[in-house]
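Participant:
There are 4 protein chains.
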Amino acid sequence: MPAITSIIKSKREELIDVAGELFYKQGYNSTGVQQIISAAGIAKGTFYSHFKSKEALGQAWLKARHTVWLQMLLTFLDSKKTPKTKILGTFEFLESWMIECDMRGCAFLNTLCETPDHENALRQEIVTHKSELREFFQHLIDQHHGDHSKKERTQIATTIFILFEGAIIETQLFRDNSMIEAAKAQVKNLL
Amino acid sequence: MPAITSIIKSKREELIDVAGELFYKQGYNSTGVQQIISAAGIAKGTFYSHFKSKEALGQAWLKARHTVWLQMLLTFLDSKKTPKTKILGTFEFLESWMIECDMRGCAFLNTLCETPDHENALRQEIVTHKSELREFFQHLIDQHHGDHSKKERTQIATTIFILFEGAIIETQLFRDNSMIEAAKAQVKNLL
Amino acid sequence: MPAITSIIKSKREELIDVAGELFYKQGYNSTGVQQIISAAGIAKGTFYSHFKSKEALGQAWLKARHTVWLQMLLTFLDSKKTPKTKILGTFEFLESWMIECDMRGCAFLNTLCETPDHENALRQEIVTHKSELREFFQHLIDQHHGDHSKKERTQIATTIFILFEGAIIETQLFRDNSMIEAAKAQVKNLL
Amino acid sequence: MPAITSIIKSKREELIDVAGELFYKQGYNSTGVQQIISAAGIAKGTFYSHFKSKEALGQAWLKARHTVWLQMLLTFLDSKKTPKTKILGTFEFLESWMIECDMRGCAFLNTLCETPDHENALRQEIVTHKSELREFFQHLIDQHHGDHSKKERTQIATTIFILFEGAIIETQLFRDNSMIEAAKAQVKNLL
DNA sequence: AATGAATGAGCCTTCATTCAT
DNA sequence: CATGAATGAAGGCTCATTCAT
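The listed protein sequences derive, respectively, from chains P, Z, X and B.
Our numbering puts the first residue of the first sequence at 1, with every later residue one more than the last.
Our numbering puts the first residue of the second sequence at 1001, with every later residue one more than the last.
Our numbering puts the first residue of the third sequence at 2001, with every later residue one more than the last.
Our numbering puts the first residue of the fourth sequence at 3001, with every later residue one more than the last.
Written out as C-alpha cells, the structure reads:
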C-alpha cells in the first residue's frame, strides 16, 4: 500500500501541497513549520528530513506552483484558437481565478512583497515565473503582430504583461474585477 | 519646553517615523514591537500609551505615508506645467524613487500582500491611498482629454493607474527600470 | 512585600543563583533555558527581559561565581595567619570543596572546556577568574619569599597555581583527594 | 576490493576519524550524529549499524585517541635518550602540540569537563588514558631516580603529572605557552 | 550492510500585549 | 506619562535513536 500511494504522491509532494495551501492563504511568513506539520500529520523531524529548511520548502512550493499555474492557464486557453483570443483569454482566466481564490492575488507577487531581501532564495523562483509569463505574452504577440518590428513587439508584450500584473494586484486590493476589465479593454486596443 | 519640542515633532510622530522606516525596509509583519521601541529608545509601556496596538501604529504609519508620498510626488512634479507632462513626470518620479529605495517597492502594495485577511484594519488605508492615486491620474486626464467622453477618460486614467502599479511591482522584482520605461512609453501613446 | 524581597535578592540575582546551580551540576551547554525558567518558576519572556541571551546569563553567573568563590576561600583562610599557611590552606580548602561538590571540579575550567571557540563571551570571565587566582598566589609568595628575586617569586607562584589547577582537574577525574595531597606536598617544598 | 580497502581503513575506523576531528574541535556534546554522518557521507542507519550509540562512538574515539596520542608523544621523544630528557621532552611536545591544535587542549580533559555524571561510559577511557600518562612519568622517574625511595619517586612522578595537566588546561585558557615554560622549569628542579 | 523517513522532546529566541509601579 | 517585568504561545531548527525497506 505505501508503495502504491507513493506512486500517486510522495510525502514530499504532499508536504508541498499542504504547505502551499497555507502559504497562499496566510502568507509565507505567517505560516509556521508547526502549522504545516500539524496539517500534514507528521513530526517536526520528519519535516526536516524532507526539506532542509522552511525556505527550501518555500522554493519547492513556488517551483511547483509555477508549473501548476501555467497548466491551469493553458487548460483554460485550450478552446481559444488564435493568439489574440489567447491573450484576451488570459485576462478572462485572471477574472475566474481571482473569484475562485477570493481575490487572494498571486502567490508569487505576495511572496515577493514578503521578502524585502532581494537575495532571498525565494526570489529566483519568482523571477523565473514572471519572466516566463512575460515570455508567454511575447510569444503570442510575435505570432499576432508578425508584421511589426521586434522592438515594437517587445514593447507591446511588455505592456500587456505590466497590465496583467497591475490588474492582479489591484484586484486583490479593490476586490472586484473592474481593474481586470479595464486592463483587458486596453489590451484589446493593442491587438 | 515640551510645547516647543512637540511643535518640532511629537513622540507619537517620532514613533511613526522610526517604525515606518522599519516597516518599509523589513516589512510590517517582520518588524516587531520590541525592535521599534529599541530603535525609538522608549519602553514597552510607553509605546502602548501612544498606540493601542501594533496595528494601530501600522494604520497611523500608512496614513502618514500617504500624505508624505503624495507631497514627494507633487514636489517632483512642480516644474511640470501641463497635465501631460505631469502624468509622464509621475513615471519619472517612480524611476527616481525606486532607485533611491533600492527597488523596495510600494509600502502600500507590500503591506497589502502581507495582509491576507481583507478585513484587516490596514487595508482601508491602502484602499484610500490607491484610490486617491487613481483619482490623481483621473484628474489630470480629465484636463488633458477634456474632449473625450467621461467613460473614455475613466478608461484611460485607469489604464495609466494599472500601468503605474504593475510597473512598481515588476521593478521591485526585476530590479531595473525597464518596466517603468515600457509603461511610460505606453502612457505616451495614450496622451 | 515585593519591595522587601527585592532588597534581599533581586529576580535577576535569583535567576543567576538558580541557573548557576544547574550550570555547575549539569554543565553550561547541557542546561537549557527551559529548565532554568522551570526551576525559577518564571515564563520564557520574563527570562529574556532579565538577560538578553543565555550567554549573557552565563557571563553574569561566572562573574558572580568569581566573587562568591573567592569569598569562600578567604573565609576558609581566615584562621590562617601567615602567607605560608594561607597557601597551604588553599589546598586544604580545595580538598573540602571537592568533597562537598562531589568532585564536580571548577565551574570555570568546566566551562572553559565546553567553549571551544576562544572568542566566546564566557572566556573573558574565566580568564579574569584564573588570573586573579594566580595573582592571589603571587601576592602571598611575594610576602613569604620577600628575599627572592621577582623572577623567582613569579616562577614559584606560577608553579603553585599550575599545581592547584592540575590538582582540581585530576581530582575531578580520579574522584579522590590523592592528587591534592601530592600537589600540597610539593607546594610545601617550595615554601 | 572491499578486502583491500578495508585493510587501508575500515568504515568504522573512518567514522572514528571523522567524528574524532569534530569531537575535538567542537566538543563531544556539541557535535551531533547528523553532522558526523554528513561529514562521513553515510546514512543514519549505517552509522547505527557500526555503533550502537553516539556514546559508543565516543568511547571508541577516546580509545583510539589514547593510542594515537601516545604514539605521537613517543615519536617526538625518539631522539631523547635519557629519562631526564624524555621527561623534559614531554613538555616540549606539549608546546608544539598546543601550537598545532590552536590551544584546543586535551580531548580527554575536555570530555571530562563535558560529562558531569561520573558514571558516564566515557569516563573510563579518560581514567585509563590519564592513568597511563601518569604511569609513563612514573616509569621514567623510576629510572632517573633509581636511588630514591618508592614513595619519593611516586611523589615526584605525580607532581610532574599534575604540572603537565595543569599546564595543558591553563595553556588552553591563556592561549600562550608561558604556563608550559613555568611547569617545565619546575620539573627541571625535580630532576 | 545500507538507506533515510519517522519520532517527539528539546534547542535558543521573539512575539504582541498587559499591568503594577 | 513612563517604566520594564511578566506572560505563554509561537518562531525555525536539531537532538539521539528506531525501524521498515
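All C-beta atoms, glycine included, are put in the ideal place defined by N, C-alpha and C.
Would you give the residue range spanned by the alpha helix (DSSP H) that M98 of chain P belongs to?
Facilitator: What you label residue 98 of chain P is simply residue 98 of the first sequence in a count that begins at 1. M98 of chain P -> alpha helix (DSSP H) spans P83 to E100.
Participant: Distance cutoff 9 Å, beta carbons only. Does F2091 of chain X sit that close to anything in chain B?
Facilitator: To locate residue 2091 of chain X, count along the third sequence from 1; it is residue 91. No, no contact with chain B.
Participant: To the nearest whole angstrom, what separates the beta carbons of V1127 of chain Z and L22 of chain P, a pair I think is in contact under 8 Å?
Facilitator: Along the second sequence, read from residue 1 onward, the residue named residue 1127 of chain Z stands at position 127. Along the first sequence, read from residue 1 onward, the residue named residue 22 of chain P stands at position 22. Not confirmed; about 26 Å, so no contact.
Participant: Please report the distance separating the alpha-carbon of P2116 of chain X from that of N2110 of chain X.
Facilitator: Position 116 of the third sequence, counted from the first residue, corresponds to residue 2116 of chain X. Position 110 of the third sequence, counted from the first residue, corresponds to residue 2110 of chain X. Using only the alpha carbons, I get a separation of about 11 Å.
Participant: Any beta carbon from chain X within less than 9 Å of A3185 of chain B's own beta carbon?
Facilitator: By 1-based counting over the fourth sequence, the position of residue 3185 of chain B is 185. Yes, contact with chain X.
Participant: Quick check: the Cα distance between Q155 of chain P and H148 of chain P, rounded to an integer number of angstroms?
Facilitator: As a position in the first sequence, residue 155 of chain P is number 155, starting the count at 1. As a position in the first sequence, residue 148 of chain P is number 148, starting the count at 1. Cα to Cα, the separation comes out at about 11 Å.
Participant: When you compare the CB of F3136 of chain B with every CB in chain X, is at least one pair closer than 9 Å?
Facilitator: Taking the fourth sequence and counting its residues from 1, the one referred to as residue 3136 of chain B is at position 136. Not one chain X Cβ lies under 9 Å of F3136 of chain B.
Participant: Could you tell me whether the Cβ atoms of H3129 of chain B and L3073 of chain B are closer together than 9 Å?
Facilitator: Locating residue 3129 of chain B in the fourth sequence gives position 129, where the first residue counts as 1. Locating residue 3073 of chain B in the fourth sequence gives position 73, where the first residue counts as 1. Not closer than 9 Å, so no.
Participant: Should A2043 of chain X be listed as close to the ligand PLP, given that the test is whether its C-beta is under 8 Å from any heavy atom?
Facilitator: This structure lacks the ligand PLP; in fact it carries no ligand of any kind.
Participant: Is F1164 of chain Z closer than 9 Å to L1094 of chain Z when the C-beta atoms are compared?
Facilitator: For the purposes of this step, residue 1094 of chain Z is identified with residue 94 of the second sequence, where counting begins at 1. For the purposes of this step, residue 1164 of chain Z is identified with residue 164 of the second sequence, where counting begins at 1. In contact: L1094 of chain Z and F1164 of chain Z (Cβ atoms closer than 9 Å).
Participant: What are the boundary residues of the alpha helix (DSSP H) that includes E119 of chain P?
Facilitator: Position 119 of the first sequence, counted from the first residue, corresponds to residue 119 of chain P. No alpha helix (DSSP H) contains E119 of chain P, which DSSP labels as neither H nor E.
Participant: Along chain B, which residues have their Cβ under 9 Å away from the Cβ of A2121 of chain X?
Facilitator: As a working note, residue 2121 of chain X is residue 121 in the third sequence. Those within 9 Å of A2121 of chain X in chain B number zero; the least Cβ separation is about 15 Å.
Participant: In the DSSP assignment, the alpha helix (DSSP H) including F2051 of chain X goes from what residue to what residue?
Facilitator: Translated into the one-based positions of the third sequence, residue 2051 of chain X becomes position 51. Run containing F2051 of chain X: none; DSSP gives neither H nor E here.
Participant: Starting from C1113 of chain Z, follow the alpha helix (DSSP H) in both directions and report where the run begins and ends.
Facilitator: Walking along the second sequence from the start, residue 1113 of chain Z turns up at place 113. Per DSSP, C1113 of chain Z belongs to the alpha helix (DSSP H) from A1107 to E1114.
Participant: To the nearest angstrom, how far is the alpha carbon of M1103 of chain Z from that of V68 of chain P?
Facilitator: Sequence index remark: in the second sequence, residue 1103 of chain Z carries index 103 (1-based). Sequence index remark: in the first sequence, residue 68 of chain P carries index 68 (1-based). Whole-angstrom Cα-Cα distance: 29 Å.
Participant: Distance, Cα to Cα, P1002 of chain Z vs T2031 of chain X?
Facilitator: Translated into the one-based positions of the second sequence, residue 1002 of chain Z becomes position 2. Translated into the one-based positions of the third sequence, residue 2031 of chain X becomes position 31. Residue confidence for P1002 of chain Z is low, a pLDDT of 46 falling below 50, so the modelled location carries little weight and cannot support an answer.
Participant: Give me, in chain order, the residues of the same chain whose beta-carbon lies closer than 6 Å to that of A3060 of chain B; leave out the 5 immediate sequence neighbours on both sides.
Facilitator: Position 60 of the fourth sequence holds residue 3060 of chain B. The answer, listed in chain order, is I3016.
Participant: For I99 of chain P, count neighbouring Cβ atoms within 10 angstroms of its own Cβ and tell me buried if that reaches 16, exposed if not.
Facilitator: Numbered from 1 along the first sequence, position 99 holds the residue referred to as residue 99 of chain P. By the 10 Å Cβ count, I99 of chain P comes out exposed.
Participant: With 16 other CB atoms within 10 Å as the buried threshold, where does E3125 of chain B fall?
Facilitator: Walking along the fourth sequence from the start, residue 3125 of chain B turns up at place 125. Buried: at least 16 other Cβ atoms inside 10 Å.
Participant: Cβ closer than 7 Å: which chain X residues qualify as neighbours of Q3059 of chain B?
Facilitator: The residue given as residue 3059 of chain B occupies position 59 in the fourth sequence. The premise fails here: Q3059 of chain B is roughly 16 Å from chain X at the closest Cβ pair, so nothing lies under 7 Å.
Participant: Which residue comes first and which comes last in the alpha helix (DSSP H) that contains I1162 of chain Z?
Facilitator: For the purposes of this step, residue 1162 of chain Z is identified with residue 162 of the second sequence, where counting begins at 1. Note, I1162 of chain Z: alpha helix (DSSP H), K1150 to F1174.
Participant: Is DSSP giving S79 of chain P helix, strand or coil here?
Facilitator: Position 79 of the first sequence holds residue 79 of chain P. In the structure shown, the three-state DSSP call for S79 of chain P is coil.
Participant: May I have the straight-line CA-CA distance separating G58 of chain P from R1175 of chain Z, to the nearest angstrom?
Facilitator: The count along the first sequence starts at 1 and reaches residue 58 of chain P at position 58. The count along the second sequence starts at 1 and reaches residue 1175 of chain Z at position 175. Taking the straight line joining both Cα atoms gives about 21 Å.
Participant: Between H2139 of chain X and chain B, is there a C-beta pair that is closer than 9 Å?
Facilitator: As a first step, residue 2139 of chain X must be located in the third sequence, where it is residue number 139. For H2139 of chain X, the answer is no, since every Cβ of chain B falls outside 9 Å of its Cβ.
Participant: Skipping 5 residues on each side, what residues in its chain have a beta carbon closer than 7 Å to that of E1181 of chain Z?
Facilitator: Here residue 1181 of chain Z corresponds to residue number 181 of the second sequence, with the count starting at 1. Closer than 7 Å at the Cβ level, and outside the excluded window around E1181 of chain Z, lies no residue.
Participant: Determine the contact status of R1012 of chain Z and H1066 of chain Z, defining contact as a CB-CB distance below 9 Å.
Facilitator: Along the second sequence, one-based indexing puts residue 1012 of chain Z at 12. Along the second sequence, one-based indexing puts residue 1066 of chain Z at 66. H1066 of chain Z is positioned such that its CB atom lies no closer than 9 Å to that of R1012 of chain Z.
Participant: So, at 8 Å on beta carbons, what are the nonlocal neighbours of T2082 of chain X in its own chain, with the 5 sequence-adjacent residues on each side left out?
Facilitator: By one-based count along the third sequence, residue 2082 of chain X stands at place 82. Closer than 8 Å at Cβ, skipping near neighbours: H2144.
Participant: Using a Cβ-Cβ cut-off of less than 9 Å, give me the residues of the region 2165-2179 of chain X that come near chain B, in sequence order.
Facilitator: E2165, G2166, A2167, I2168, I2169, E2170, Q2172, L2173, F2174, R2175, S2178 and M2179
Participant: Exposed or buried, I4 of chain P, counting other C-beta atoms within 10 Å across all chains shown (16 or more means buried)?
Facilitator: One-based indexing of the first sequence puts residue 4 of chain P at position 4. For I4 of chain P, the predicted model reports a pLDDT of 44, less than 50, meaning its position is unreliable and no value from the coordinates is stated.
Participant: Tell me, please, whether the CB atom of H145 of chain P is closer than 9 Å to any CB atom in chain Z?
Facilitator: Taking the first sequence and counting its residues from 1, the one referred to as residue 145 of chain P is at position 145. No, no contact with chain Z.
Participant: Using only CA atoms, which one of Z:K1184, Z:K1009 and Z:E1170 lies nearest to T1159 of chain Z?
Facilitator: Locating residue 1159 of chain Z in the second sequence gives position 159, counting from the first residue. For T1159 of chain Z, the nearest C-alpha among the options comes from Z:K1184.
Participant: If you draw a straight line from the C-alpha of E1132 of chain Z to the C-alpha of F108 of chain P, how long is it?
Facilitator: Along the second sequence, one-based indexing puts residue 1132 of chain Z at 132. Along the first sequence, one-based indexing puts residue 108 of chain P at 108. Going by the C-alpha atoms only, they are around 26 Å apart.
Participant: Nearest-angstrom Cα distance between G2166 of chain X and I3162 of chain B?
Facilitator: Looking up residue 2166 of chain X in the third sequence gives position 166. Looking up residue 3162 of chain B in the fourth sequence gives position 162. Cα-Cα distance, rounded: 5 Å.
Participant: Along chain X, in chain order, which residues have C-beta atoms closer than 8 Å to that of I3126 of chain B?
Facilitator: If you number the fourth sequence from 1, residue 3126 of chain B lands on position 126. Under the 8 Å cutoff, chain X gives L2173.
Participant: In or out: E3135 of chain B buried (at least 16 other Cβ within 10 Å) or exposed?
Facilitator: Locating residue 3135 of chain B in the fourth sequence gives position 135, where the first residue counts as 1. The residue is exposed, with fewer than 16 neighbouring Cβ atoms inside 10 Å.
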